Each structure stands twice: as structure tokens, then as C-alpha cells.
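A.B. asks:
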Amino acid sequence: MAVQITLPDGSDREYPDGVTGADVAASIGARLAKAAVAVKVDGEPRDLSRAIEADSAVEIVTENTEAGRHIMRHSAAHVLAQAVLDRYPEAKFAVGPPIEDGFYYDFEVETPFTPDDLDSIEARMAEIIAADQPFEREVIAAPDAEAMFHDQPFKIEIIQGVDESEGAGGTEVSIYRNLEFADLCRGPHVPSTGRLSAMKLLRSAGAYWRGDENNPQLQRIYGTAWESKKELDAFLNRREEAAKRDHRKLGRELDLYSFPQELGSGLAIWHPNGGMLRKVIEDYSRQIHEDFGFVFVNSPHVAKAKLWQTSGHLDFYSENMYPGMELDEGEAYRVKPMNCPFHVLVYKSQARSYRELPLRFSELGAVYRYERSGVLHGLLRVRGLTMDDSHTFTTREQIADELATHLDFVVTLLSEFGFTDFEADLSTRPEDKWVGELDLWETATNALRDALVKAEVPFQIAEGEGAFYGPKIDVHIRDAIGRRWQMSTIQVDFSLPERFELEYTAPGNDRQRPVMIHSAKFGSVERFIGVLVEHYAGALPGWLSPIQATVVPVADRHDDYAGEVAAAFRAAGVRIHVDTTDETVGEKIRRAITHKHPAVLVVGDNDVERHSVGLRLRGDDTERRGVPLEAAVEELAEAFAAPR
RNA sequence: GCCGGGGUAGCUCAGUCGGUAGAGCGACGCACUCGUAAUGCGUAGGUCACGGGUUCGAUUCCCGUCUCCGGCUCCA
Numbered sequence: 001m002a003v004q005i006t007l008p009d010g011s012d013r014e015y016p017d018g019v020t021g022a023d024v025a026a027s028i029g030a031r032l033a034k035a036a037v038a039v040k041v042d043g044e045p046r047d048l049s050r051a052i053e054a055d056s057a058v059e060i061v062t063e064n065t066e067a068g069r070h071i072m073r074h075s076a077a078h079v080l081a082q083a084v085l086d087r088y089p090e091a092k093f094a095v096g097p098p099i100e101d102g103f104y105y106d107f108e109v110e111t112p113f114t115p116d117d118l119d120s121i122e123a124r125m126a127e128i129i130a131a132d133q134p135f136e137r138e139v140i141a142a143p144d145a146e147a148m149f150h151d152q153p154f155k156i157e158i159i160q161g162v163d164e165s166e167g168a169g170g171t172e173v174s175i176y177r178n179l180e181f182a183d184l185c186r187g188p189h190v191p192s193t194g195r196l197s198a199m200k201l202l203r204s205a206g207a208y209w210r211g212d213e214n215n216p217q218l219q220r221i222y223g224t225a226w227e228s229k230k231e232l233d234a235f236l237n238r239r240e241e242a243a244k245r246d247h248r249k250l251g252r253e254l255d256l257y258s259f260p261q262e263l264g265s266g267l268a269i270w271h272p273n274g275g276m277l278r279k280v281i282e283d284y285s286r287q288i289h290e291d292f293g294f295v296f297v298n299s300p301h302v303a304k305a306k307l308w309q310t311s312g313h314l315d316f317y318s319e320n321m322y323p324g325m326e327l328d329e330g331e332a333y334r335v336k337p338m339n340c341p342f343h344v345l346v347y348k349s350q351a352r353s354y355r356e357l358p359l360r361f362s363e364l365g366a367v368y369r370y371e372r373s374g375v376l377h378g379l380l381r382v383r384g385l386t387m388d389d390s391h392t393f394t395t396r397e398q399i400a401d402e403l404a405t406h407l408d409f410v411v412t413l414l415s416e417f418g419f420t421d422f423e424a425d426l427s428t429r430p431e432d433k434w435v436g437e438l439d440l441w442e443t444a445t446n447a448l449r450d451a452l453v454k455a456e457v458p459f460q461i462a463e464g465e466g467a468f469y470g471p472k473i474d475v476h477i478r479d480a481i482g483r484r485w486q487m488s489t490i491q492v493d494f495s496l497p498e499r500f501e502l503e504y505t506a507p508g509n510d511r512q513r514p515v516m517i518h519s520a521k522f523g524s525v526e527r528f529i530g531v532l533v534e535h536y537a538g539a540l541p542g543w544l545s546p547i548q549a550t551v552v553p554v555a556d557r558h559d560d561y562a563g564e565v566a567a568a569f570r571a572a573g574v575r576i577h578v579d580t581t582d583e584t585v586g587e588k589i590r591r592a593i594t595h596k597h598p599a600v601l602v603v604g605d606n607d608v609e610r611h612s613v614g615l616r617l618r619g620d621d622t623e624r625r626g627v628p629l630e631a632a633v634e635e636l637a638e639a640f641a642a643p644r
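When you line the first sequence up against my numbering, it's residues 1 to 644, in that order.
1. Would you tell me roughly how many angstroms separate the C-alpha atoms of S390 and A520, rounded to the nearest one?
2. Would M325 be called buried (16 or more neighbouring beta carbons within 10 Å of its own) or exposed?
3. Under a Cβ-count criterion, where at least 16 other Cβ atoms within 10 Å of its own Cβ denotes burial, should L82 be classed as buried or exposed?
4. Would you list the one or two residues that DSSP bridges to G584?
5. Do L403 and A451 come within 9 Å of each other at the CB atom, strictly closer than that value?
6. Look at Y176 and L201 and say whether their C-beta atoms are less than 9 Å apart.
7. In whole angstroms, what is the alpha-carbon distance linking S353 and E437?
8. From the DSSP secondary-structure annotation, give me the bridge partner or partners of T62.
9. For L232 versus T224, is the C-beta spacing smaller than 9 Å?
10. Would you mind sorting D560 into buried or exposed? The rule is 16 or more other CB atoms within 10 Å of its CB.
11. Since M199 and A76 are thought to touch, with beta carbons under 8 Å apart, how far apart are those beta carbons, to the nearest angstrom?
12. Taking the runs of the beta strand (DSSP E) that are 3 residues or longer, which of them lie wholly in the region 419-454?
13. Using CA coordinates, which residue listed in P598, G626, R610 is at the minimum distance from D620?
14. Apply the 10 Å Cβ neighbour rule to A94 and answer buried if 16 or more other Cβ atoms are within range, or exposed otherwise.
15. Should K229 go down as buried or exposed, given a rule of 16 or more other Cβ atoms within 10 Å for buried?
16. In terms of alpha-carbon separation, which member of I128, Y504, R527, R557 lies closest to N178?
17. Select from R625, F522, M387, L380 the residue whose C-alpha is nearest the C-alpha of G251.
18. Cutting at 6 Å between CB atoms, please list the residues of its own chain near T445, excluding the five before and the five after it.
19. Count Cβ pairs between the region 359-373 and the region 381-401 that sit closer than 8 Å; are there 3 or more?
20. Inspect the CB distances between the region 293-310 and the region 326-337 and report whether three or more fall short of 8 Å.
21. Between H78 and F181, is the Cβ-Cβ spacing less than 9 Å?
22. Count the other C-beta atoms from every protein chain shown that fall within 10 angstroms of the C-beta of T489, then say buried if there are 16 or more, exposed otherwise.
23. Could you pull the DSSP bridge partners for W485 from this structure?
24. Would you call E166 buried or exposed, if buried means 16 or more other Cβ atoms sit within 10 Å of its Cβ?
25. In chain order, what residues of the same chain have a beta carbon less than 6 Å from the beta carbon of F103, not counting five sequence neighbours either side?
26. What number of angstroms, rounded off, separates the C-alpha of R499 from the C-alpha of F419?
27. Quick one: measure Cβ to Cβ for T395 and P514, integer angstroms, because I've assumed they're closer than 8 Å.
28. Could you check what DSSP says for W543 in three-state terms: helix, strand or coil?
29. Grouping DSSP H, G and I as helix and E and B as strand, with all else coil, what is R557?
30. Thinking C-beta only, is D493 closer than 9 Å to F459?
31. If you run the structure through DSSP and keep just helix, strand and coil, what is E166?
32. Please classify E463 as buried or exposed, where buried requires at least 16 neighbouring CB atoms within 10 angstroms.
33. Specify the secondary structure class of Q219 as computed by DSSP and reduced to three states.
34. So does the region 562-582 actually touch the region 622-636, counting three or more Cβ pairs closer than 8 Å?
35. My understanding is that S61 touches K34, with C-beta atoms under 8 Å, so please give their C-beta distance in whole angstroms.
36. My output table needs one value for I99: the three-state DSSP class, helix, strand or coil.
Okay, here's the thing in C-alpha cells:
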């Protein structure tokens, strides 16, 4: 007997019966065998030590691939559990999957782990790894597994879950064993613990069993594992680099905004530089809205509770709303968490004709949302935010064109801020609870899909994930270091027009109900700025920089000329300031560079005489001397011009 | 909200096994007037987050509050 194995390059090889993945790897090459952590047999990951019974396509999974690291991290999670149970025999262990860049394991223990505990656990893991214990797979009947894990309630629950999902009775589960430690696991695993030397525990945290806060809270330990010390160090280094981009830290360094404790959680104040950044972004927002045919409306921060009752927010959104207040004779008011009811009232302020539609209302509206204290995070999750919010009222016939326009708008806007890597989620009708007409849902959903295809935005369909009142598109971007952020949304709404009994007069003089499209392009101005700052690591593109250029007079006899230079730039629309502080030239330049100013202009005796400047642009560590002033003004005005 | 870890000068941090605190940067003053990433000297600046308790004495120990950081989706 022999098995025929097809390798990824298409070649076929014969192997004797009982051949293992490890044998196949060894037969191809010693280096491959050394790097192998598992195999894929007909696409299914398996242990290297398992015999390959039938003819199949085999691919060796090596440690330097994502699939390989995934397996290593899964194995590292086992070792973590093993170490914890060694140290805390009474601990109950729950689940321990690999995640992006690492792994975790959840435990129920008497007292939460301290940082010292983590050191001790990591030391025990190092011993297990040094002992190079082999991972051994075993398949046993579910009832036997329940007996084996009789004092491990989470494992019992998992075993019973396997029963439910795969049909009760006669079900088998696999377990992995290394020495005295055994864990329920689908596998595969690395051959032995010795493969996990580049490993580090990172932190502990509370986490609810199965992510549900009604369940007991477990103690989660996070760790990371890589194929080599070098890769581990590179990862730790990347984390440090990411920390340097933290918009909260950069916000302070660049004097953009702050979160004073006196103010309140989740609330920011904007300093002059941040105020300028907001102005530039808000000016841009107004301009592009105008360019895409939107008109501007405005609304107050509070409204009668009855309005929120009509809109449905008190029924569906009240947990995110600030508590009510009473005015006059017991009239209840609420602070707005959204702008939509106001824009609806603008629509209702007069009888509408089909000739006016689509009607696109836009507002940079400050809204307030109650977020749980634990989820607040800098500008990225706040309790007071400014939405570049719009509400478009269309006829049914116009929906498709209108959605395409909105997507075009969003993509144009994100591109002009330098984001190029988009992904979208298309959320479709929920199964059970929804309003409106089925064919309208289909029309709108298809229109959203067509728009995505036409705009060439890669997307996934989030089946049934839509709101009850209509389908939507969420647009995500990837930032400079690969993180994914949700930015824009385009949300169709069949419900609000119904609730507010919106109408327009159609050509046949009959009354029709419009459809609404909610859309936020930045999401929130605050959050958008947070993402921008992190994406650019504070070095905002010239058109966005609050200070675009600094003039450095060489000595104070050049201050007057420096003022003339600044005036010339200002006249051309460049945001410039003169550094007249009593410092050396080197220090003033260093200061401008560390504050990420896009241009530094040094002026000295030669420049006064020749009416020129020394010009140094950000990212360039050389300078150009004696550039004629007019030429420099023209160059920077062009380089720093806003896209619209 | 829940779990863990923090809160000391404007910022970054050290320190106090209970005897009211220190550095660097920044700010301010003086000198220097300088050509592309830190000139020198000096001065000021702290209710050690807030409230209570223990103590002869609390920034330090205990309790509570506020606040910040990390985590709470990724199906053995």
C-alpha cells in the first residue's frame, strides 16, 4: 500500500502507508522539516505526527507564515494554561484561542492575577518550553471527556456544546496532552513545547465568559509568540511605535486638544492649533457638501422629549442619551444624540414637491451620547462629538442614483485626506425585526451593492446585520500601520418618514412618502481627527497643518525682515508664524521640526540683502539657501493648497 | 458598568520600609546675536488627585470617591 501526495507545486509523490506530515516535509528538505509546524491535508490543518491515510493534497505549514504562527500561538496558549494550573491547582480554565499577534487564555481564579503573578507564570512556561514536552493528540468519546474534566465546568460546557452542534450521541472530541496536562482542543499543535521559545506574556484583564456581562467574569492573560526572538522583538518594537502615534500624546505635544479632568469624562477642549485644524476640516466639509449638492441647515442642542418619542429614539436609543431635564411647566427636554429629527422638521416646514427631491440637508451638528465610562478613549470614543451629518430625502425611484452619489462622495472625501485603502461592510435586512416593504429593502440593498461594485470598493456582506429600519454601508479605512477604522456610514431609513408622516406631492398630484438616507462622512469630526493624527503620526499633510511654516530669523536684527516674509506668505494664504524667541537658530529649527511644521524658513543677512529665504521642507534634511521670496511663496502656497 | 494597573511641578518621571519631596524638559529673568535638530547662568513653581479613618505625625497604611490607562467579538 502506498499513498499518493500532491504538493502545492503540482507534483505528485508516492509515500509508504503510515507516512506522516513530518515525513513528507523531511523528504522535501531538511530546512523545510525544521521550519514545519503542521500540515494541511486537503486544506485541513493537522499535526505533523498524524499519519496521512489517503491520497491527498498536502501543504507544509511553516512557522514564518500567519497560519504557522496561529498554530504556535494556540500551542503557547496551552502552555499558558498548563503553567497557570501548575501554579494555581484550583483554577478553572475556559478558552484560549490564538488572536492577531498573539493569544490569550481565560481562567476562573480566586483572586485576579497581578503583574508579579504573570512573571511567575511566564517563568513556569519557560520551564515547560525548555523541557520540550511533546504534544500528543487523542480522540475520546464525549462522555469520557466529561468524566476527565469533571471538575472543570467550562470544559464540560464546551463538550456539551460540541454535542449540540454536531448531534448528540457517540460524538467524539479530541484532546491534546503534554505530560500530565491535557486540554480539550481541535488542534493542530506544534510537535513539542520547545518550538515556543520566543514567547512573552503581555497583560491580564477581566473578560466575561463567552463575552456576555451576565456571565461570570474570568481573568484573561494575553501573550504573544513568534518563530524567533528577532520576530518577537520586532513585534514589541512595533507596539512601541504604535504607542508613539497615540493621538492623546500627540495632541498634547502639538498643542491641539486636551482632556482636563475638571471638564468631564469623554469631553475634549480644543486649543488654538486644534481649533485651526478643525476650522480647516470644517471648511473643507462645507465645501465638499456644497460641491455634492447639499444645502445647510442648523438645529439646537436640545428638544422636547416628545420629539424623541416620535422619532423612536426614546424607545431604541435612550440608553445612549443624556438624562432628561424639565423646563417650564414640567415639559421634559432631552439633549440631542442625533440630528435626524431636526432635519425631518426642516423637511416638514413646508409642503414638498417631487420637483425638489432629492433634498440633501447637511449640518455639522454637535451631539451628546452617553457612553459607558469604561469604553471612553481619547477622541476616538467620546461623549460629545460633532457629526458631519446629512439627511437626504428622495423618491423611491431616485434611491439608486442617490446612494451611488453618496458613496462617490465618501470615497472622494476619504481619498482627499490621504486614505487609500478602503473596505466596506454592506449590512442587510435582519431576519426577525424590520420595518418597511420587502421590495424596497431589496431595491435599496441592491443599489448599495451596485454602488460598491461601481466605485470598486471591496466589501463584505454582513448578512442580517442591518438596523431594523434599513440597509447600510459602513466604509472602513486602513491606516499607515494597518489598523482598520470605521469612518463613514450611508444608512437607508424607511422608518422615520413613516413615523413623521413625511410626504411630497408626486407628478400625478398624489401624496407619496420619501425615503431618507442618513450619512456621516467623517463619522465624527473628533474621531476623524484622532485617526488622522495617528495615521500621519502627527505630521499632517501641509494643507491640514495648523502651522504650515515657521520663519526663523538668524539674529534679532532680522526680525523685521522675517515679519515681511511672513506677511508675504500670509497674503498668499499660508499659515505662518515668526519665531522671535531668544534662542539659537539650531534650537528654533529643532522646535519647528519636532512640532512637525511642514516648512522652515531661515532668514539672515544674505536674505535681507537679496530678498530671499532659506527653505527647508519637512522630511527633507537638507535646505535650499537663497530662494527668492516670491518663488518660495508660490511654491508653498501651491504645496499647501486645500484639495477644494 | 465590570476586572486589573495608575494619579507626585505645565510635561516625562524618580523618591518617601510613616517624620510635609527631587531630576530633566518647559516657563520666567539675565547674558549671548548666533546660517540649519538642544548656548550658558540663575529664579519661580507641588494641598504628592479628592474626602474620610488609623497615628504624636499620613504624600506613604486603611476605606470611599473622582479620574486616566489596558481589557471585556474573534466560537476547545
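All C-beta atoms in this analysis are idealised placements derived from N, C-alpha and C, irrespective of residue type, glycine included. Quick caveat: nothing in here was measured; it's all calculated off a predicted structure.
C.D. replies: The answer reads as follows:
1. Working through the first sequence from its first residue, we reach residue 390 at position 390. Working through the first sequence from its first residue, we reach residue 520 at position 520. As the crow flies, the alpha-carbon of S390 is around 6 Å from that of A520.
2. Here residue 325 corresponds to residue number 325 of the first sequence, with the count starting at 1. Under this definition M325 is an exposed residue.
3. Within the first sequence, residue 82 is the residue found at index 82, counting from 1. In the sequence under discussion, the amino acid at residue 82 is Gln, which differs from the Leu named in the question. By the neighbour-count rule (16 or more Cβ atoms within 10 Å), Q82 is buried.
4. By 1-based counting over the first sequence, the position of residue 584 is 584. A quick correction: the sequence has Thr, not Gly, at residue 584. Per DSSP, none; premise fails for T584.
5. In the first sequence, counting from the first residue as 1, residue 451 sits at position 451. In the first sequence, counting from the first residue as 1, residue 403 sits at position 403. In this structure, L403 lies closer than 9 Å to A451 by Cβ.
6. Stepping through the first sequence from its first residue, residue 176 is reached at position 176. Stepping through the first sequence from its first residue, residue 201 is reached at position 201. No, these two residues do not count as a Cβ contact at 9 Å.
7. What you label residue 353 is simply residue 353 of the first sequence in a count that begins at 1. What you label residue 437 is simply residue 437 of the first sequence in a count that begins at 1. Taken atom to atom, the span from the alpha-carbon of S353 to that of E437 is near 23 Å.
8. Numbered from 1 along the first sequence, position 62 holds the residue referred to as residue 62. Beta-bridge partners assigned by DSSP to T62: A36.
9. On the first sequence, position 232 is the one that residue 232 refers to. On the first sequence, position 224 is the one that residue 224 refers to. For the pair L232 and T224, the CB atoms are nearer than the 9 Å cut-off.
10. For the purposes of this step, residue 560 is identified with residue 560 of the first sequence, where counting begins at 1. Sixteen is the threshold: since fewer than 16 other Cβ atoms of the shown chains lie within 10 Å of the Cβ of D560, the residue is exposed.
11. By 1-based counting over the first sequence, the position of residue 199 is 199. By 1-based counting over the first sequence, the position of residue 76 is 76. So it is a contact: roughly 5 Å between Cβ atoms.
12. Qualifying beta strand (DSSP E) stretches, in chain order: 422-427.
13. Position 620 of the first sequence, counted from the first residue, corresponds to residue 620. Measuring from the Cα of D620, the nearest candidate turns out to be P598.
14. Counted from its first residue, the first sequence places residue 94 at position 94. Counting Cβ neighbours within 10 Å, A94 comes out buried, since at least 16 surround it.
15. Here residue 229 refers to the residue found at position 229 when the first sequence is read from its first residue. Answer is exposed; the Cβ neighbour count stays below 16.
16. Walking along the first sequence from the start, residue 178 turns up at place 178. Ranking the options by Cα distance to N178, first place goes to I128.
17. As a first step, residue 251 is located in the first sequence; it is residue number 251 there, counting from the start. Of R625, F522, M387, L380, the smallest CA-CA separation from G251 is found for L380.
18. Here residue 445 refers to the residue found at position 445 when the first sequence is read from its first residue. Cβ within range, chain order: T428, P471.
19. Two segments are said to touch when three or more pairs of C-beta atoms, one from each, lie closer than 8 Å; by this definition the region 359-373 touches the region 381-401.
20. Touching, yes.
21. In the first sequence, residue 78 corresponds to position 78, counting from 1. In the first sequence, residue 181 corresponds to position 181, counting from 1. Taking 9 Å as the Cβ cut-off, H78 and F181 qualify as a contacting pair.
22. Within the first sequence, the letter at position 489 stands for residue 489. Its Cβ being crowded by 16 or more others within 10 Å, T489 is buried.
23. For the purposes of this step, residue 485 is taken as the residue at position 485 of the first sequence. I477, per the DSSP bridge assignment.
24. Residue 166 sits at position 166 when you count from the first residue of the first sequence. Since pLDDT at E166 reaches only 48, below the 50 mark, its modelled position is unreliable, and the value read off the structure follows with that caveat. Under this definition E166 is an exposed residue.
25. Indexing the first sequence from 1 puts residue 103 at position 103. Taken in chain order, the residues that qualify are R73, A76, A77, G223.
26. Start at 1 with the first residue of the first sequence, and residue 499 comes out as number 499. Start at 1 with the first residue of the first sequence, and residue 419 comes out as number 419. Their backbone Cα atoms lie some 38 Å apart in a straight line.
27. Taking the first sequence and counting its residues from 1, the one referred to as residue 395 is at position 395. Taking the first sequence and counting its residues from 1, the one referred to as residue 514 is at position 514. Their Cβ separation, rounded to whole angstroms, is 6 Å, which keeps T395 and P514 in contact under 8 Å.
28. Along the first sequence, one-based indexing puts residue 543 at 543. In this structure, W543 counts as coil in the three-state DSSP scheme.
29. Within the first sequence, residue 557 is the residue found at index 557, counting from 1. DSSP places R557 in helix when its eight states are reduced to three.
30. On the first sequence, residue 459 is found 459 positions in, with the first residue counted as 1. On the first sequence, residue 493 is found 493 positions in, with the first residue counted as 1. No. Outside cutoff.
31. In the first sequence, the residue the question calls residue 166 occupies position 166. Model confidence at E166 stands at a pLDDT of 48, short of 50, so the residue's coordinates are unreliable and nothing is read from them.
32. Residue 463 sits at position 463 when you count from the first residue of the first sequence. By the 10 Å Cβ count, E463 comes out exposed.
33. Looking up residue 219 in the first sequence gives position 219. Looking at Q219 - three-state DSSP - the assignment turns out to be strand.
34. They touch, by the three-pair rule.
35. On the first sequence, position 61 is the one that residue 61 refers to. On the first sequence, position 34 is the one that residue 34 refers to. First, the amino acid is wrong: residue 61 is Val here, not Ser. The Cβ separation is near 13 Å, so there is no contact.
36. What you label residue 99 is simply residue 99 of the first sequence in a count that begins at 1. Here I99 sits in strand by DSSP.
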